[in-house]
Structures are given as C-alpha cells and as structure tokens.
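As structure tokens, the structure follows; a few thoughts come after it.
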Amino acid sequence: MAIFREKILLILIGISAALFAASFLLGIFRLNGLSYPIILHFDAFRGVDFVGNLTDFWSIWAGGIIIAAANLWLAGTLFHRECFLSYLFVSVNVLIALLTLIITGVVASAN
Numbered sequence: 011m012a013i014f015r016e017k018i019l020l021i022l023i024g025i026s027a028a029l030f031a032a033s034f035l036l037g038i039f040r041l042n043g044l045s046y047p048i049i050l051h052f053d054a055f056r057g058v059d060f061v062g063n064l065t066d067f068w069s070i071w072a073g074g075i076i077i078a079a080a081n082l083w084l085a086g087t088l089f090h091r092e093c094f095l096s097y098l099f100v101s102v103n104v105l106i107a108l109l110t111l112i113i114t115g116v117v118a119s120a121n
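Mapping of the sequence shown onto the working numbering: position 65 corresponds to residue 75, and the numbering continues sequentially without gaps.
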C-alpha cells in the first residue's frame, strides 16, 4: 500500500497499533481471571447499570479494531485521490485507539 511509504502516516499507524496493543494487554492482565459479572458501565447517581461477561468486553474492543481497520482500508483506497482524507482517517484511528485504551482502563479499574 502506498500509505506505508509516507513517514507521518506510518508513525500514526504505529501509534494506534501500540495503543491497541496496550489496551489488549491491559484487558488480558486485569480482566482475564474475573468471573461473570463484569461491570461495564456505572453512574455516580444510579450506580452499576450495565454488567456483562468477558465476551461483551472483548466485543467492545473488537469493535474498535474493526472501525480502525475500515479507516485504514479507506485511507489506502483514497490515498491517490485525496491525500488529506488519508491523513484524516489515520488520525481518527489514533483517537479510536486512545478511546479503546481509556475504555479498557475504566472497565479494568471498576472491576
């Protein structure tokens, strides 16, 4: 792909991959040994309002990976037509990876 030849895009892809890897490792080490009721969402006023199991948690993480993969595919497809959109899609990947890391950290700290 031509987007891997651009240095800035390659750095952004590496940052998003590192953030996804950090969220994966955090999920493995902090949540893998927990039993069924995993707190996925809580509110300061109502308390725990959404619980699930490990499959629900990994589905959230996989959703972030799927969105990032779609953005990466779009960035590669549109690189020669609109270079700006490639930079935009890859930059959004970094934000999605950061949000996934934040979600993983919040779920890990709540449990």
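Glycine included, C-beta positions come from ideal geometry on N, C-alpha and C.
Going straight from the alpha carbon of residue i to that of residue j, what length do you get?
{"i": "Arg91", "j": "Ser26", "result": "24 Å"}
{"i": "Cys93", "j": "Arg40", "result": "40 Å"}
{"i": "Asp66", "j": "Phe60", "result": "11 Å"}
{"i": "Ile113", "j": "Leu95", "result": "27 Å"}
{"i": "Lys17", "j": "Gly57", "result": "46 Å"}
{"i": "Leu20", "j": "Leu105", "result": "15 Å"}
{"i": "Tyr46", "j": "Gly24", "result": "34 Å"}
{"i": "Val117", "j": "Ala12", "result": "37 Å"}
{"i": "Thr110", "j": "Leu44", "result": "20 Å"}
{"i": "Trp68", "j": "Ala28", "result": "17 Å"}
{"i": "Leu64", "j": "Ile77", "result": "20 Å"}
Identify, in the order they occur along the chain, each residue of the same chain with its Cβ nearer than 8 Å to the Cβ of residue i, setting aside the five sequence neighbours on each side.
{"i": "Phe99", "result": "Asn81, Leu82, Leu84, Ala85 and Leu88"}
Label residue i either buried or exposed according to how many other C-beta atoms from any shown protein chain fall within 10 Å of its C-beta, with 16 as the threshold for buried.
{"i": "Val120", "result": "Per the sequence shown, the amino acid found at residue 120 is Ala instead of Val. Exposed."}
{"i": "Asn103", "result": "buried"}
{"i": "Ala107", "result": "buried"}
{"i": "Gly73", "result": "exposed"}
For residue i, collect the residues of the same chain with a Cβ closer than 6 Å to its Cβ; drop the 5 residues on either side in sequence, then sort them by chain order.
{"i": "Ala127", "result": "The structure shown does not extend to residue 127, since the chain is modelled only from 11 to 121, so the question has no answer here."}
Just to confirm my understanding: we take residue i, look at its own chain, exclude 5 residues before and 5 after, and list those with CB closer than 7 Å. What are they?
{"i": "Gly62", "result": "Ile48 and Leu50"}
{"i": "Ser101", "result": "Leu22"}
{"i": "Ile75", "result": "Phe30"}
Which residue's Cα is closest to the Cα of residue i: the options?
{"i": "Phe14", "options": "Tyr97, Leu105, Gly73 and Ile75", "result": "Tyr97"}
Should the stretch 23–34 be called in touch with the stretch 46–63, which here means at least 3 C-beta pairs below 8 Å? no
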